[in-house]
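Okay, so here's the structure we're looking at.
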Amino acid sequence: MEMTLGRANQTSIELFPVTNCVMPSPTSNLGSAEAVTRFLRSKEGHLPEILKIANDILDTKLDVYLPNKREFILSLLVDRLNDRSNSSNFSKWKSDKDVWNLLKRVLFIEGHNETSILQSLKIVDLMILLMESDDPEGWDCLPYVCQILSMFLKRSFMEIEESTGIRLLKSTLSYIQNKAPKNSSVTLDEIVTNVYWNSHPQGLLEVSKKSYSQFFEELFISLTKYLSIESESPSKHLYEEIFTTRVFYPENLPYLVHNLDKLLKKETPDDASLRYFFQMAVRKLAPKQMKLCTELFDVIVNKSPNLSESLLASLVGSHHALPQEFIFSVYTKEVASKKFIDLNWDMVKYVFELDSELAATKSKFVFEKYNSAFNLDEKVLPVGKVIVYAYAKNRELVEFLTKVWPKAIARDELWDGDDFIAHVANCIDSLSEKQIVQVLETSPNLSSEASFAVLTAITKGLISSSWKLIDSLKPTFNQIQSYINSSTNFWQVRYNLLNLYGSEFVIPESVLELDYDIYYHYTVLRLLELNIIQDYSNKKQRQLILFLRDNPSLISSAFCRWFVMINDYFTNESIVELLKLAFETAFLCHTDCEIYEQRNIMTCMMRLFIADPMSHFDHIPKIPLACFSRGPKKDLLNILTRKYIETKEVRVLGCIDYLLDSASYQSSIERDISVVLQILALAPTDEAQKYASSISKKVWKTNVDMIKSDENRAFVANAIGMLVRSMQIGGSGDVLPEMKMALIIVSHQSVLTGNDLTKYEELVNTFKMQCIRQIKDSQDNSDNAKLNWFLHGLASIPPSMLTFNDVKSIAGQIKIEANDTSIKQALFSLVCKCAKPDLRFAKYVLSLYLVLNTEAHTQHLFDDVVQYLQSLVNEKVELYYAICNYVIFSTADAEDTFSNSICMVLSALLTTMPKEPDGSLQIALFSGYLRNPSQLSPKVLQHIMGNLKWLLTQKQWLFNQYILEMALAHIGIVSSITLSDKHEFEQLYLESLRVVSQILLHHRFKLSTRHHSIIYLMCTFLESLVEPGQLGHSNIAAGSFTRLVSNLCEPQEHVRDLSVRSGQQNNRLTTQANLYKKQLRIYLPYLLINYIYLNLKFTFGKQVNDILATGVYTIFDSLSKSELQIVNSALDYAGKALYKSLYHDYQEYWKWKDQ
406 MEMTLGRANQ TSIELFPVTN CVMPSPTSNL GSAEAVTRFL RSKEGHLPEI LKIANDILDT
466 KLDVYLPNKR EFILSLLVDR LNDRSNSSNF SKWKSDKDVW NLLKRVLFIE GHNETSILQS
526 LKIVDLMILL MESDDPEGWD CLPYVCQILS MFLKRSFMEI EESTGIRLLK STLSYIQNKA
586 PKNSSVTLDE IVTNVYWNSH PQGLLEVSKK SYSQFFEELF ISLTKYLSIE SESPSKHLYE
646 EIFTTRVFYP ENLPYLVHNL DKLLKKETPD DASLRYFFQM AVRKLAPKQM KLCTELFDVI
706 VNKSPNLSES LLASLVGSHH ALPQEFIFSV YTKEVASKKF IDLNWDMVKY VFELDSELAA
766 TKSKFVFEKY NSAFNLDEKV LPVGKVIVYA YAKNRELVEF LTKVWPKAIA RDELWDGDDF
826 IAHVANCIDS LSEKQIVQVL ETSPNLSSEA SFAVLTAITK GLISSSWKLI DSLKPTFNQI
886 QSYINSSTNF WQVRYNLLNL YGSEFVIPES VLELDYDIYY HYTVLRLLEL NIIQDYSNKK
946 QRQLILFLRD NPSLISSAFC RWFVMINDYF TNESIVELLK LAFETAFLCH TDCEIYEQRN
1006 IMTCMMRLFI ADPMSHFDHI PKIPLACFSR GPKKDLLNIL TRKYIETKEV RVLGCIDYLL
1066 DSASYQSSIE RDISVVLQIL ALAPTDEAQK YASSISKKVW KTNVDMIKSD ENRAFVANAI
1126 GMLVRSMQIG GSGDVLPEMK MALIIVSHQS VLTGNDLTKY EELVNTFKMQ CIRQIKDSQD
1186 NSDNAKLNWF LHGLASIPPS MLTFNDVKSI AGQIKIEAND TSIKQALFSL VCKCAKPDLR
1246 FAKYVLSLYL VLNTEAHTQH LFDDVVQYLQ SLVNEKVELY YAICNYVIFS TADAEDTFSN
1306 SICMVLSALL TTMPKEPDGS LQIALFSGYL RNPSQLSPKV LQHIMGNLKW LLTQKQWLFN
1366 QYILEMALAH IGIVSSITLS DKHEFEQLYL ESLRVVSQIL LHHRFKLSTR HHSIIYLMCT
1426 FLESLVEPGQ LGHSNIAAGS FTRLVSNLCE PQEHVRDLSV RSGQQNNRLT TQANLYKKQL
1486 RIYLPYLLIN YIYLNLKFTF GKQVNDILAT GVYTIFDSLS KSELQIVNSA LDYAGKALYK
1546 SLYHDYQEYW KWKDQ
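Each residue of the sequence shown is one higher than the one before, counting from 406 in the numbering used here.
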């Protein structure tokens, strides 16, 4: 405020320069209420001074008595803002955000009799004025105006004229599209649409003919333009609701065409706006008013002929019947009246899609006149597919197959292409057995090309048919078998018949002469698969490889289909060549896992990897480790190691790291510690260091796990000795690879004994002394990264070999700056590692954590605290209980600044809580843990939910009835918290659902009388999924909620149920799961009612609603007839209609039916 007033005063000085004479300040003589009110009402007063005095009056800083100060200032502001005189000084008031801020402040102060004053404020007109102005300062006032208008709407009902509402909406749309910043708030849209709905005294839906015409004239263009552009605006649905409700109101539909035609004669909306309008019209009107849609089509196309194609596509996409006269008129205009060369083939396609009978009777010109020389294959082929579908739909496919198609094939090669044949094959299922027999008997009389196309389509289409139909056609195929075998290039037909009838379809060996056709090879491979032939010659193998090299698109499908035959009948050289071709595609992502069981293929694959590993970075990690035998793995690891040392390629390290998940015990990197150190030294990037560290850990673990072997013991001894000698020599302050390897060894839990253990302890001591030395030397430079590394290295030393005095000495040598959080965290790890097990040290550790976690919240700090508290539990459990009580009594007086850290401390205590007899301690801890979630950060809230989920499964004894109810209440509060970040909110929502799911899974027996709390939670979760909420389009959140509904409605029957005595476990006829359902059934209707209510008042996204439907059907499964009647009786007319629709879908698509 001071800065704003400062700017205002500076502007005043520039605008009104004073003379050299000294003038008294106008505010110096404000010693009485009369003087103050006179000054505030003055027309010559400077606005910043007036605002300052007004604020001082509200803050009681002036020594004057003004009993009705709030009403006076409110009346003054209303009077000045309502002033319309352009010559008046009061025009500046409207565009000053400090004025609006003062008005907002006055309204926040409780008072009386302000309603009449506010009613006189023309705030809607002022809002329109600000949005229509070209003054950026006025635009800055709009957020304040929206807040004031929102307060006004909450306190009283606002009724404005209909024309004012339209002007407001029009001004808002112009402002949003031309002036508003891209990140403008949704509040403006919500307020404006709310005010607009109040501008209709007849009600929300009823609109007079005059108002309907006015809406078209004033808002149609601006609304459609905004809605056609703002595809992802969070407020789009608000304006879309206004548009659809007004334009498509049933009582005014008779005037729709007239008003649109009248508008288009005066104005010219852009194509996107008209296209959006027509798509919305088709969506709203097509089911019952298709004739009206066609009239709108004619009006728009007359104005913009270029839109005819896209509009006709919308009509076709509606899948509703159109009037025949309209279809014929479009056909006449777009097809019949044009020359063949001038046809718009997309329009031809849409016309034929509209009427299958028209397509079948008027389409022969397509097959008779088209020639590929026109270079329109991509346009004409979809038209041909539509025509085929029309013949099938009209039961005239036989005529097409025997008469139309053969002539078309003779005319142009387009019609016997693979794509068109595949489409015809998809329509074969519309033919009866008798019709297929008729076509098969006719096929030998056709030309060779036509016969091939017809037989290929039929045999391909039969593959997905029933076995009964396939078997019934066997005699017919036997009749034409000789014709098929005698015809050249019929390989695809033969291959399809082998798939249909196996060895029953006989192919003479004389026919199997080598042919350059992929289906020739498929036929031979199929014969091999059927054990009809026993050999696939090298010549055939070479030709198949040559064909696949010329047709790379077939490589993946061929290899995935025939890898078993390739493994059994191909030579290793041919397999290698095929693998080279296959690796150029993504065949490993599509092939069946059985390929890894083919020994010859795997052997050849290993040979390829070893020969050229640099070309197979992406392939090696996709091969299961079991496929790598020790010998090839050793060779591959050695080559990869050499390649990395030469090239420093990070992906090579990734392959090495993957292969070492299963040790070979023979490679150089597993047998020579110097190679490991070389890898660590040659890791320049963070990713490379991560891989190098993982490789080193795996190598060390492998050798330690096999310490009984002489070779592994020698490796361990040699590695420790080399590292000790290297660290004793010392060196620069850099983190050497020997130090990195030593840290890996020190961090690894030791299982060494005897002499090996002695050497290990020597290594630890040497490492400790080297770290301390480096820490002392590093004080002379500012490299905090190295200092941090050495501190974390010390923190990795076993606690038995590090004392608190060591830590105290180290801390004394380090100069810590305020922003060195990483150094502080490293020292904290050391403190937790070495802190003594007494109450004083425990308080010290937790106090350190409170401060450090407030500065920088990390999981590493939390893990250190948990590790320390666990050591207390293991060594002195009484001390652990004492520190729990100390924390419980301290949380009541803690400052809000430490709320997040205190919750993390309580989480650590609950994580390490031992089983206590009376349970009072955990109740007290949970009381603090689950208190005031609204004060916590999103990360801490997510942590609490994750920790609750872990405790519910790992420490079930912690949750008695009271704590469980406390947890449910906490989840309900958390689920109602709104977060600004959508991703954080979604993650918190998902964690909350998982916690409730764990409660239902492991603690269901405690909820026998608490199902109402669960249903309340479910309703809260469901409300978060409505639009335009943050999760309105989250399919993940909807799926998780649906799974939770399934867990709720379908309880699991446990082997041992804690709610039933052991003696009664086998003496009941009703399962415990059914008892849970009976208890739940009383409250479950409320969840269904809530879903219907939300679906009607708001809306769910289409995909979200489709996912939620599964949960709704699960609820129907659980409800009995009486509960269904309860739901029906609780709904209004609209709710009952939706309820009936839901139940019908449930019975049709979900409910199990006894066949």
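Yeah, the Cβ is synthetic: ideal placement off N, Cα and C, and Gly gets one too. Computed from a prediction, not measured in an experiment: that's the story for all the values here.
Coarse secondary structure for residue i, derived from DSSP in three states
i, result
"Met556", "helix"
"Asp703", "helix"
"Trp498", "helix"
"Phe745", "helix"
"Asp1462", "Summary for Asp1462: the model assigns pLDDT 46, below 50, so the residue's position carries little reliability, and this model does not support an answer."
"Arg1336", "coil"
"Met428", "At Met428 the pLDDT is 35, less than 50, meaning the model places this residue with poor confidence; the figure from the coordinates comes in the next sentence. The answer is coil: DSSP assigns Met428 none of H, G, I, E or B."
"Cys1239", "helix"
"Thr1302", "helix"
"Met970", "helix"
"Lys1556", "coil"
"Ser852", "coil"
Alpha-carbon spacing of residue i relative to residue j, whole angstroms
i, j, result
"Thr1317", "Ser1381", "30 Å"
"Leu410", "Cys546", "Reliability of the predicted coordinates at Leu410 is poor, the pLDDT of 28 falling under 50, and the value obtained from them is presented with this limitation in mind. Cα-Cα distance, rounded: 16 Å."
"Val483", "Ser1332", "51 Å"
"Val1080", "Ile1074", "5 Å"
"Leu467", "Ile458", "8 Å"
"Ala764", "Ser1451", "48 Å"
"Asp1017", "Leu959", "24 Å"
"Leu1547", "Phe683", "29 Å"
"Ala1372", "Leu1335", "7 Å"
"Arg931", "Ile912", "12 Å"
"Phe1172", "Leu1162", "15 Å"
"Ala1299", "Cys1308", "11 Å"
"Asn1429", "Leu1436", "Reading the sequence as shown, one finds Ser at residue 1429 and not Asn. Taking the straight line from one Cα to the other gives about 6 Å."
Residue j beta carbon less than 7 Å from that of residue i
i, j, result
"Ile792", "Asp760", "no"
"Met621", "Leu668", "The question names Met, yet the displayed sequence has Phe at residue 621. A contact, by the Cβ cut-off of 7 Å."
"Ile1078", "Trp1105", "no"
"Thr629", "Ser579", "no"
"Val1278", "Pro1242", "no"
"Ser1020", "Leu1042", "no"
"Pro1343", "Glu1283", "no"
"Tyr925", "Trp896", "yes"
"Val1121", "Asn1108", "yes"
"Ser1325", "Leu1395", "no"
"Ser1234", "Asp1269", "yes"
Residue range of the unbroken alpha helix (DSSP H) whose run includes residue i
i, result
"Arg816", "Trp810 to Arg816"
"Lys1095", "Asp1091 to Asp1110"
"Asn956", "First-last for Asn956: undefined, no H or E at that position."
"Cys1176", "Gly1159 to Asp1182"
"Gly907", "Where Gly907 is concerned, there is no enclosing alpha helix (DSSP H), given that its DSSP letter is neither H nor E."
"Leu481", "Lys474 to Asn487"
Option nearest residue i by Cα separation, candidates the options
i, options, result
"Glu1054", "Gln1094, Cys1032 and Leu1030", "Gln1094"
"Thr1447", "Ser887, Gln619 and Val1517", "Val1517"
"Val1563", "Val1156, Ile1441, Lys879 and Pro1338", "Because the chain is modelled from 406 through 1560, residue 1563 falls outside the range shown and cannot be assessed."
"Phe910", "Ile923, Leu1406, Pro880 and Asn894", "Pro880"
"Ala1542", "Ser1525, Ile1494, Leu1064 and Ser1523", "Ile1494"
"Ala778", "Glu818, Trp1355 and Thr928", "Glu818"
"Asp973", "Cys1009, Gln1457 and Thr1259", "Cys1009"
"Val1169", "Gln1179, Pro1204, Ile1180 and Asp1139", "Pro1204"
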